[in-house]
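So in the working numbering, spot 167 of the sequence shown is number 946, and the numbers just go up one at a time. Note that CB positions come from ideal geometry on N, CA and C, so glycine has one too. Here the structure comes first, spelled out in structure tokens, and everything after it is commentary.
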Amino acid sequence: MKLAALLLIITILAVGLAGCTDVLELDVDEADPVEDGHEEETSTEVDEIEGILKVHYIDIGQGDSIFIELPNGEKALIDGGPRSSEETLLNYLDEQGVERIDYLVATHPHEDHIGGLVGVIKNYDIGKIYMPDVVHTTKTFENLLLAIQDKGYKITRAMAGDTIVDMEGLGLYILAPEEDADWEDLNNYSVVVRLEYKNNSFLFTGDAEKDSEDIMISKGYDLKAEVLKVGHHGSTTSTTDEFLDRVDPKYAIISCGADNKYGHPHKEILAKLEEKNIEIYRTDIDGTIVVKSDGKSISFK
């Protein structure tokens, strides 16, 4: 059964099974991938891209939302933060002159990552929507599916090995989750994305925890990145020593809310980053963090 056909079914299941289970498997026919509402193909280009890449780690409190302005003029959004920060997110996107999001990635169904995406889908033209093959029985997830359905969009299942953008000198690549992922914890279904722009690279990990990190390491994926979005808001559930060594970042970005009840980022993770002389930026301290790249060097705004 196709993902698009499942939207209404999932909504009914989410309502009917709330309180019974947290995860439902999607039956997906991978031989016939779902295209987006506008039937656009994954970006490909022959000539090498020039221009400035901007990555905005938006301060939306306790959650994640990353807005990416690609040097080819396209725009991507990874997560939308919690519903309580939806207005903050929409105002920020409006300030950047956004009218269309070419690539929207909902890393996993937790509220602090997808709550603000309902407003994004309602207010902007969306190209492709990428989501992992997992369902959550919450009203927030139901609202997201209904917003997608109401706009006539479809969902592309995100799996390791998939390519979002593939151009000369520019790429967005999915490193997790695996096609056969079977986790109890929704965090490990997080869509992990690696962004390359010539000599510079970024890694966005959602809330991927140790289990997911171990799989990416065992598969031999290229994890190296100058800028790492630290997994799970700096929780000790993520960012193992081996994973951090594989990524080998110069900069670490932690997205979390000030004085949050989870104690994020955990002191153990901060100590680990400091021990490796990795420069740390935090949205709860620094506010929105904007990183620029010309493909040769990285600068912070």
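query = Start and end of the beta strand (DSSP E) containing I934?
reply = I934 -> beta strand (DSSP E) spans I934 to R936.
Integer-rounded CB distance, given that N966 should sit under 8 Å from H915 = Not quite, the Cβ-Cβ distance comes to about 12 Å (not below 8 Å), so this is no contact.
request  = Within the same chain, show all residues whose beta-carbon is closer than 6 Å to that of V899, passing over the 5 residues directly before and after it, in chain order.
outcome  = Cβ within range, chain order: G859.
message = Quick check: what's the CA-CA separation for Y871 versus R862?
response = The alpha-carbon atoms of Y871 and R862 are separated by roughly 15 Å.
key: Between the CA atoms of I908 and E958 - distance to the nearest angstrom   = Answer to the nearest angstrom: the Cα atoms are 17 Å apart.
ask   = Which first and last residues belong to the beta strand (DSSP E) in which L965 is found?
value = Run containing L965: none; DSSP gives neither H nor E here.
inquiry  = Under DSSP, the alpha helix (DSSP H) around S997 begins and ends at which residues?
reply    = Counting along the chain, the unbroken alpha helix (DSSP H) around S997 starts and ends at K989 to S997.
query = What is the DSSP secondary structure of S1072, counted as helix, strand or coil?
reply = DSSP places S1072 in strand when its eight states are reduced to three.
key: Start-to-end residues for the alpha helix (DSSP H) that takes in R1025   = Judged by DSSP secondary structure, R1025 falls within the alpha helix (DSSP H) whose first and last residues are D1020 to V1026.
Closest Cα partner of N851 within the set G999, V877, E975 and I828 = Cα-wise, what sits closest to N851 is I828.
message = On the DSSP letters alone, give me the boundaries of the alpha helix (DSSP H) that V899 sits inside.
response = Counting along the chain, the alpha helix (DSSP H) containing V899 begins and ends at L896 to N902.
task = Could you tell me whether the Cβ atoms of A1004 and L982 are closer together than 8 Å?
result = Contact flag set, yes.
CA nearest to the CA of I1059, picked from L1007, D1024, K1071 and S1014 = Per the C-alpha coordinates, the member of L1007, D1024, K1071 and S1014 positioned closest to I1059 is L1007.
inquiry  = Helix, strand or coil for Y1060? Go by DSSP, reduced to three states.
reply    = Residue state, collapsed to three classes: strand.
message = My output table needs one value for G876: the three-state DSSP class, helix, strand or coil.
response = DSSP places G876 in coil when its eight states are reduced to three.
key: Close-in-space but distant-in-sequence residues of the same chain around H1043 (CB under 7 Å, 5 per side omitted)   = Hits under 7 Å: H1012, G1013, S1014 and C1035.
Alpha carbon of A855 to alpha carbon of I1057, nearest angstrom = Cα-Cα distance, rounded: 26 Å.
query = Taking contact to mean at least 3 C-beta pairs separated by less than 8 Å, is the stretch 987-1000 in contact with the stretch 1018-1025?
reply = Contact holds: three or more Cβ-Cβ distances are below 8 Å.
ask   = Can you list, in chain order, the residues of its chain whose CB lies under 7 Å from that of K1075, leaving out five sequence neighbours each side?
value = Listed in chain order, the non-local C-beta contacts of K1075 below 7 Å within the same chain comprise K977 and N978, local neighbours out to five positions each way being set aside.
ask   = Is it true that the CB of V970 sits closer than 8 Å to the CB of T886?
value = Judged by their CB atoms, T886 and V970 are nearer to each other than the 8 Å cut-off.
Burial state of A1031 (16 or more Cβ within 10 Å) = So A1031 ends up on the buried side.
task = Specify the secondary structure class of A926 as computed by DSSP and reduced to three states.
result = It is helical.
key: Candidates G894, Y952, A939 and L849: closest to D843 by CA position   = Measuring C-alpha to C-alpha distances from D843 to each of G894, Y952, A939 and L849 identifies G894 as the nearest.
message = Measuring only the C-alpha atoms, how far is I831 from E947?
response = Taken atom to atom, the span from the alpha-carbon of I831 to that of E947 is near 15 Å.
query = If you drop the 5 nearest sequence neighbours on each side, which residues of the same chain put their C-beta closer than 7 Å to that of T919?
reply = Closer than 7 Å at the Cβ level, and outside the excluded window around T919, lie R862, E890, I893 and G894.
ask   = Expressed to the nearest angstrom, what Euclidean distance is found between the alpha-carbon atoms of I1077 and E853?
value = Looking at the two C-alpha atoms, the distance is approximately 19 Å.
key: When D912, G876 and P911 are compared against Y903, the one with the closest alpha-carbon   = Nearest Cα to Y903 within the set D912, G876 and P911: G876.
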